[in-house]
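Chemist: Chains as they are written, first to last, in numbering that gives the first Met the number 0: chain A, 0 to 378; chain B, 0 to 588. After the structure tokens below, expect a handful of questions from me.
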Amino acid sequence: MTESKDRSFPGAGLSRRTLLRAATAAMAIPAIAWATTAFAQDKLSGKGEVVVYSPGGSLTQALRKSVFEPFTKATGITVVDVTADFAEPQVKAMNQAGRVDWDTAFVQAQNYPDMHAAGMFVPIDYSLWDDESLKGVPEANRLNDAVVMYGSAMLLAYDERVFGANGPKSWADFWDVKAYPGPRGLYAPAAKHNLEFALMADGVAKSDIWPLTDDKIDRALKKLDEIKPHVTKWWTAGGEAPQLLLNREFVMTNAFDGRVIAAINQGAKIRMVWEGAHVNYTYWTVLKGGPNNANAQKLIAFINKATIASGFTQASGFPGPNRNQLQHLPSNLVPLLSISPENASKVVIEDSAWLAAKRPDGKTNLDHIQERWLAWRAK
Amino acid sequence: MAGKMISLATNAAAEASRPPPRVRPTGWAWLLLPGSIFLTVLFVMPLLGLLLLSLGMPDWTLAHFLRIGDSPAYATVLGTTLEISLSVTALAFVFGYPIAYVLTTGGPTLRTFLLIAVVLPYFTSVLARTFAWIVLLGRGGVINEILLQLGLVSQPVTMLYNRVGVIIGMTHIIMPLMILPMSTVMSSIDQRLLRAARASGASSLAAFLTIFLPLSLPGVIAGVLLVFIYCLGFYITPALLGGLSDLTITMEISAQVVDRLNWNFGAALSMVLLVGVLAILWIGSRFFPIEQLLGFSDGKSGSDAAPRRQLGTRWLMHVGSAANTLDRWLPSMGGRGVVILASFLAVLLLLPVLIVAYLSFSSSPYFVFPVPGYSLGNYQAYLSDTLWMSATFASIRVALMAAGMATVLGAMLAFGLSRGRIRGRSAIVALVLSPIIMPTVIVAVATYFLLVRVGLQGTEFGLALGHAVHAIPFVVVIVVANLRDLNPAYERAARSLGAGPLATFRTIIAPLVMPAFIVAAFFAFLTSFDDVVYVLFLGIGKVTTLPMRMWEGIKQDISPTISAVATLQMAFAAIVIIIGAVLGRRRNT
């Protein structure tokens with residue numbers, strides 16, 4: 000919490016600091032909710048409702064508990080949450096039909112440029128944000144009409160029961176079946192992660208990976224030919240990777256960070272390797288033509304407060320972009336997160352703009368690499 | 000089925016050359032009207048929009064179709080899809096026929112057991128079921144353990160994450176779709192015909208091959224047709240149980256629509272699939288007279304059918320005498336061999352189901368086998384969660400509405416098709432089948448744009464309308480297959496004795512076709528209850544159904560709560576079947 004916020008509630012300063020310290024120490028979600036309720040800002044209070052998309056499952060549960068409920072308490076705005084597997088196709092359909100039933104939706108970075116160009120979003124109202132939030136969220140994460148909700152990482156995860164602490168440390172090790180024997184898993188549907196990992200295993204520097212030009216695709220697919228016989232399962236659903244590690248169907252795999260953190264929190268013996276992890280962003284957007292746009296702006300300002308963000312990170316394993324939340328998070332969780340400074344220096348951030356860019360033949364670069372991937376898979 | 004297009008086209012040509020048209024529509028043809036209007040509004044119109052989309056509307060182009068040809072990968076994937084569908088259909092027929100036979104001829108207890116074994120796999124959640132397969136077929140699975148112990152193999156056999164895994168996994172759940180249409184037709188076969196054949200000196204094998212098998216063909220065709228088409232739409236099971244190259248075209252279409260928002264290209268791929276499948280069915284009908292077997296042959300092509308029938312009779316005579324000779328050399332199995340085989344297959348079908356039920360009592364937060372301890376935690380998690388509960392009730396409401404609409408409209412279409420004697424019937428059949436040939440994801444997008452115009456998006460009724468379109472094909476095929484042997488003379492007798500049309504329907508037709516209605520309604524219910532795609536678009540996040548909640552659990556979590564949900568569903572289905580059996584027995588005695 001920042002000075003400016005303190006000033007807006009002159010009488011409450013002392014008790015708030017005490018409370019915040021208590022909340023930081025306890026790290027319990029109710030405490031945070033209570034603290035934020037106590038210090039609700041006038042700027043965010045309102046009435047009515049806001050229709051908020053989320054993808055369901057544990058992510059939605061985390062949002063309800065650590066964001067929506069405190070938000071309603073603090074602002075008086077009811078959250079109507081709608082859940083669906085994906086948001087983008089519905090957003091596109093609602094926009095084309097001219098009847099937008101939602102206020103906010105998550106949009107993946109690779110889909111953002113097209114939808115942005117089609118005018119589906121309204122600008123984010125940063126005037127509602129605290130100074131603390133504006134300082135904590137890097138400028139690169141704050142676009143005109145979208146703000147990062149979380150960075151999702153695809154990283155190397157291995158079975159601690161097999162390798163102990165001395166497992167693979169990089170993608171080169173993942174390809175080294177002599178030093179680290181055992182069946183492997185990789186993610187089947189998308190090309191980008193696998194191409195990246197293969198290039199790193201082949202010695203390409205992280206900074207040289209993007210853009211994924213044809214010569215690099217050829218090189219990566221050749222490298223993937225090497226590992227193909229050692230991959231028992233090319234998995235599809237996020238929950239599969241940790242589940243199959245636990246079942247000893249493979250000894251190492253790539254996996255989504257949030258899924259691995261959830262498994263580790265439940266006691267699974269899995270280790271994460273951040274070296275060469277792929278990170279791409281998912282954005283919050285406010286949908287043009289939505290029924291309660293003003294309330295949606297308030298919700299987005301609310302979730303980017305460090306205390307709220309840290310509550311959500313703990314509940315979901317998906318860290319929002321506010322770096323100030325690190326001081327509120329338990330010390331054993333920080334090393335598992337993509338936003339911890341140490342991990343952040345090891346990851347590769349996808350060039351989403353390049354993926355969405357059109358090629359001379361009318362396809363996007365993403366279409367192109369997926370088509371190459373499909374051909375490689377099918378052969 | 001589309002083959003009727005050709006046979007009808009030639010018919011039409013032949014009729015045109017003959018001055019008086021011999022075939023006139025009967026009063027039954029009116030029954031085609033409601034269903035046709037329903038499908039035209041809710042399927043054809045959105046589909047036309049889709050066709051325009053694949054042609055790049057408003058910037059007309061063939062680029063999306065040309066792009067399919069540019070990369071050989073799409074043809075390969077389409078080929079893989081057909082291979083998988085054909086393999087599963089063949090396997091399901093081979094396993095399904097004996098089960099359907101015993102399901103029809105066996106005692107009440109055996110029948111109830113078989114019905115449960117066939118139907119329950121459908122209710123296991125796809126992830127829980129996948130894990131059950133890992134327990135059975137995985138590297139360290141039960142079957143590999145047994146093979147290693149017996150010294151039959153020295154290395155674990157790879158049975159999962161390849162084509163074998165896909166085929167086993169898919170066959171397991173489509174069994175009801177193969178077996179129930181067959182058994183409803185088989186149950187209408189007059190067993191006295193078989194006794195007459197035996198009395199005339201035919202061996203049991205010969206009696207089966209020359210009497211029972213030919214008479215059961217309408218059911219076989221219905222089952223094979225439905226299973227084949229249904230398999231084309233699989234994409235979750237192949238992804239979970241298959242290998243890298245076990246790609247289905249539906250996976251690719253779904254990725255184009257949902258992940259990459261390339262609706263034009265997704266629509267173009269869907270059109271290629273639709274045309275390809277109709278072409279295959281048309282070619283297939285040149286070899287198998289599908290339209291006759293499904294009961295569409297009412298005197299429309301006497302000149303063509305007569306020699307074919309004679310040819311068929313001669314074939315049957317050969318088969319019969321060959322079987323008689325063979326039977327002398329074979330040790331007699333009596334009737335028991337088939338019963339043992341069917342029961343064995345049923346136990347195989349139940350194995351993964353039992354593993355799912357066992358896992359649901361696990362105290363572990365993951366799927367672990369064997370379970371570390373027993374607990375009701377998964378059941379508590381389900382029953383105490385209002386979200387799970389409201390999703391369950393929403394699913395039931397939507398499925399009941401969809402099944403009601405589909406059964407009424409589908410049954411009317413079935414009567415109209417098999418008795419209406421109208422021209423252009425093949426077009427209606429193609430229309431009726433198309434909703435299950437088209438990938439649901441593309442139909443769902445198209446339907447959304449229709450519903451949003453009347454404000455039905457995000458309502459349970461709107462979702463049920465979408466589901467009903469998808470369920471009608473099942474109802475029509477199953478009911479038509481059973482109408483073939485319904486003798487119109489009974490109805491004429493009733494009418495001549497003074498019964499009105501309604502009374503005739505209630506007292507004559509309904510009791511005779513009731514088993515088919517029940518099976519058809521059951522599938523209509525299931526297609527709705529199982530859907531995770533329509534709800535995505537038509538529900539716009541406001542309607543949350545049970546399979547959607549279960550799918551969320553699979554995508555994001557590794558929580559075995561879904562095994563408890565699946566087990567409760569299975570218990571419910573089993574109880575319904577048992578109650579049905581008990582009531583049925585009481586009525587008969």
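We treat Cβ as the ideally placed atom computed from N, Cα and C, and that holds for glycine. For clarity, every value in this text was computed on a predicted model and none was experimentally measured.
Have a look at the DSSP bridge pairing and note the partners of A:N253.
Modeler: As a position in the first sequence, residue 253 of chain A is number 254, starting the count at 1. In DSSP, A:N253 forms a bridge with A:L155.
Chemist: What separation, rounded to the nearest whole angstrom, lies between the Cα atoms of B:G409 and B:P472?
Modeler: The residue labelled residue 409 of chain B in the question sits at position 410 within the second sequence. The residue labelled residue 472 of chain B in the question sits at position 473 within the second sequence. The straight-line gap from Cα to Cα measures roughly 7 Å.
Chemist: Assess, as a yes-or-no matter, whether the stretch 228 to 235 of chain A is touched by the stretch 133 to 144 of chain A under the definition of 3 or more beta carbon pairs within less than 8 Å.
Modeler: With the cut-off at 8 Å, the stretch 133 to 144 of chain A and the stretch 228 to 235 of chain A do not touch.
Chemist: Return the bridge partner residues of A:Q107 from the DSSP annotation.
Modeler: By 1-based counting over the first sequence, the position of residue 107 of chain A is 108. A:T281.
Chemist: Who are the near neighbours of B:N323 in its chain, counting only those whose CB is closer than 7 Å to its CB and skipping five residues on each side?
Modeler: On the second sequence, position 324 is the one that residue 323 of chain B refers to. So the qualifying residues of the chain are A201, S202 and A205.
Chemist: Output yes or no for whether 8 Å exceeds the beta carbon distance between A:Q109 and A:A355.
Modeler: Within the first sequence, residue 109 of chain A is the residue found at index 110, counting from 1. Within the first sequence, residue 355 of chain A is the residue found at index 356, counting from 1. Yes, the Cβ-Cβ distance between A:Q109 and A:A355 is below 8 Å.
Chemist: Let me know if A:P167 comes out buried or exposed under the rule of 16 or more other beta-carbons within 10 Å of its beta-carbon.
Modeler: As a working note, residue 167 of chain A is residue 168 in the first sequence. Buried, since its Cβ has 16 or more Cβ neighbours within 10 Å.
Chemist: Between B:I576, B:F528, B:S359 and B:A28, which has its C-alpha nearest B:S562's C-alpha?
Modeler: If you number the second sequence from 1, residue 562 of chain B lands on position 563. Answer by Cα proximity: B:S359.
Chemist: From the DSSP output, which residues share a beta bridge with A:I269?
Modeler: Counted from its first residue, the first sequence places residue 269 of chain A at position 270. Answer is A:D158, bridged to A:I269.
Chemist: If distances are taken between C-alpha atoms only, which option among B:Y447, B:L272, B:P371 and B:V478 comes closest to B:G218?
Modeler: Position 219 of the second sequence, counting from 1, holds the residue named residue 218 of chain B. B:G218 has its Cα closest to that of B:V478, out of B:Y447, B:L272, B:P371 and B:V478.
Chemist: Can you check which of these residues, B:G583, B:T79 and B:L61, is closest to B:T247 by C-alpha distance?
Modeler: Taking the second sequence and counting its residues from 1, the one referred to as residue 247 of chain B is at position 248. Considering only alpha carbons, the answer is B:T79.
Chemist: Hey, B:A443 and B:F524: beta-carbon distance below 8 Å or not?
Modeler: Along the second sequence, one-based indexing puts residue 443 of chain B at 444. Along the second sequence, one-based indexing puts residue 524 of chain B at 525. For B:A443 and B:F524, no; Cβs fall outside 8 Å.
Chemist: Counting only beta-carbon separations shorter than 8 Å, does A:A27 have a partner in chain B?
Modeler: For the purposes of this step, residue 27 of chain A is taken as residue 28 along the first sequence, with counting starting at 1. Below a pLDDT of 50, predicted positions are generally treated as unreliable, and A:A27, at 45, falls in that range; the measurement from the model is reported next regardless. Taking Cβ atoms only, chain B never reaches closer than 8 Å to A:A27, which makes this a no.
Chemist: Please check if any C-beta of chain B sits within less than 8 Å of the C-beta of A:R98.
Modeler: For this step, residue 98 of chain A is matched to residue 99 along the first sequence. Chain B, which has a Cβ nearer than 8 Å to the Cβ of A:R98, makes this yes.
Chemist: Rounded C-beta distance between A:F105 and A:W283? I'm assuming under 8 Å.
Modeler: As a first step, residue 105 of chain A is located in the first sequence; it is residue number 106 there, counting from the start. As a first step, residue 283 of chain A is located in the first sequence; it is residue number 284 there, counting from the start. With a Cβ gap of about 7 Å, A:F105 and A:W283 count as contacting.
Chemist: Jot down the residue ranges of each uninterrupted alpha helix (DSSP H) in the stretch 306 to 373 of chain B, minimum 4 residues, whole runs only, in chain order.
Modeler: Runs of the alpha helix (DSSP H) inside the stretch 306 to 373 of chain B: 335 to 358.
Chemist: Taking Cβ-Cβ distances shorter than 9 Å, what residues in chain A pair up with B:V257?
Modeler: Counting from one through the second sequence, the residue named residue 257 of chain B turns up at place 258. Residues of chain A passing the Cβ test: D84, F85, E87 and P88.
Chemist: Using a Cβ-Cβ cut-off of 8 Å (strictly less than) and excluding sequence neighbours within five positions of A:K222, which residues of its own chain qualify?
Modeler: For this step, residue 222 of chain A is matched to residue 223 along the first sequence. Answer for A:K222: W174, A197, L198, A200 and D201, listed in chain order.
Chemist: Could you tell me how far apart the beta carbons of A:K227 and A:I368 are, in whole angstroms, since I believe they sit closer than 8 Å?
Modeler: Here residue 227 of chain A refers to the residue found at position 228 when the first sequence is read from its first residue. Here residue 368 of chain A refers to the residue found at position 369 when the first sequence is read from its first residue. Going by Cβ atoms, the distance from A:K227 to A:I368 rounds to 18 Å, so no, they are not a contact pair.
Chemist: For A:W233, list the residues DSSP reports as bridge partners.
Modeler: The residue given as residue 233 of chain A occupies position 234 in the first sequence. DSSP, once it has assigned bridges, lists A:L185 as partnering A:W233.
Chemist: Quick one: residues in its chain with C-beta nearer than 7 Å to the C-beta of B:P33, no 5 flanking neighbours on either side, listed in chain order?
Modeler: The residue given as residue 33 of chain B occupies position 34 in the second sequence. L408 and M411.
Chemist: Taking Cβ positions only, does B:G298 come closer than 8 Å to chain A?
Modeler: What you label residue 298 of chain B is simply residue 299 of the second sequence in a count that begins at 1. A caution first: B:G298 carries a pLDDT of 42, below 50, which makes its placement in the model unreliable, though a value can still be read off. It does not: the Cβ of B:G298 has no partner Cβ on chain A nearer than 8 Å.
Chemist: What are the start and end residues of the beta strand (DSSP E) that includes B:Y121?
Modeler: What you label residue 121 of chain B is simply residue 122 of the second sequence in a count that begins at 1. Note, B:Y121: premise wrong, no beta strand (DSSP E); not H, not E.
Chemist: Can you list, in chain order, the stretches of the beta strand (DSSP E) that have 3 or more residues and sit fully within the stretch 74 to 140 of chain A?
Modeler: Entirely contained in the stretch 74 to 140 of chain A, the beta strand (DSSP E) runs reaching 3 residues are, in chain order, 77 to 82 and 103 to 107.
Chemist: Ordered along the chain, which non-local residues of its own chain (more than five positions away) have a Cβ less than 8 Å from that of B:P371?
Modeler: Here residue 371 of chain B is taken as the residue at index 372 of the second sequence, counted from 1. Cβ neighbours of B:P371 beyond the five flanking positions: S361, S362 and S363.
Chemist: Shorter than 8 Å from the beta carbon of A:R376 to some beta carbon of chain C?
Modeler: Checking the listed chains, one finds no chain C in this structure; the protein chains it contains are A and B.
Chemist: Hey, how far is the Cα of A:L245 from the Cα of A:D256?
Modeler: Within the first sequence, residue 245 of chain A is the residue found at index 246, counting from 1. Within the first sequence, residue 256 of chain A is the residue found at index 257, counting from 1. Straight-line Cα distance between these residues: approximately 16 Å.
Chemist: Between which two residues does the alpha helix (DSSP H) harbouring B:V442 extend?
Modeler: Mapped onto the second sequence, residue 442 of chain B falls at position 443. Run containing B:V442: T439 to R452, per the alpha helix (DSSP H) assignment.
Chemist: For A:V49, which residues of its own chain have a beta-carbon under 8 Å away from its beta-carbon, when the five flanking residues on both sides are left out?
Modeler: For the purposes of this step, residue 49 of chain A is taken as the residue at position 50 of the first sequence. Cβ neighbours of A:V49 beyond the five flanking positions: I76, T77, V78, V79, D102, T103, N291, N294, A295, K297 and L298.
Chemist: Check this for me: beta carbons of A:R183 and A:V147, under 8 Å apart or not?
Modeler: The residue labelled residue 183 of chain A in the question sits at position 184 within the first sequence. The residue labelled residue 147 of chain A in the question sits at position 148 within the first sequence. Result no, Cβ atoms of A:R183 and A:V147 do not sit closer than 8 Å.
Chemist: What residues from the stretch 46 to 79 of chain A come within 9 Å of chain B, judged by C-beta to C-beta, listed N to C?
Modeler: Hits within the stretch, in order: V50, Y52, S53, P54, G55, G56, S57, L58, T59, Q60 and V79.
Chemist: For the putative contact between B:S208 and B:V318, defined by C-beta atoms under 8 Å, what is the C-beta separation to the nearest angstrom?
Modeler: By one-based count along the second sequence, residue 208 of chain B stands at place 209. By one-based count along the second sequence, residue 318 of chain B stands at place 319. Position check: residue 208 of chain B holds Leu in this sequence, whereas Ser was assumed. About 5 Å; that satisfies the 8 Å criterion.
Chemist: From B:L272, B:S215 and B:V355, pick the residue whose C-alpha is nearest to that of B:A480; which is it?
Modeler: The count along the second sequence starts at 1 and reaches residue 480 of chain B at position 481. Checked all of B:L272, B:S215 and B:V355; the closest Cα to B:A480 is B:S215.
Chemist: Just to make sure I have the definition right: I need the residues of chain B whose C-beta is within less than 7 Å of the C-beta of A:R247. Which are they?
Modeler: By 1-based counting over the first sequence, the position of residue 247 of chain A is 248. Within 7 Å Cβ-Cβ: G139.
Chemist: Does the CB of A:A92 have a neighbour CB from chain B at under 8 Å?
Modeler: Indexing the first sequence from 1 puts residue 92 of chain A at position 93. Cβ-Cβ to chain B under 8 Å: yes for A:A92.
Chemist: Please list the residues of the stretch 175 to 195 of chain A that have a C-beta atom closer than 7 Å to any C-beta atom in chain B, keeping them in chain order.
Modeler: Per Cβ criterion, the list reads A187 and P188.
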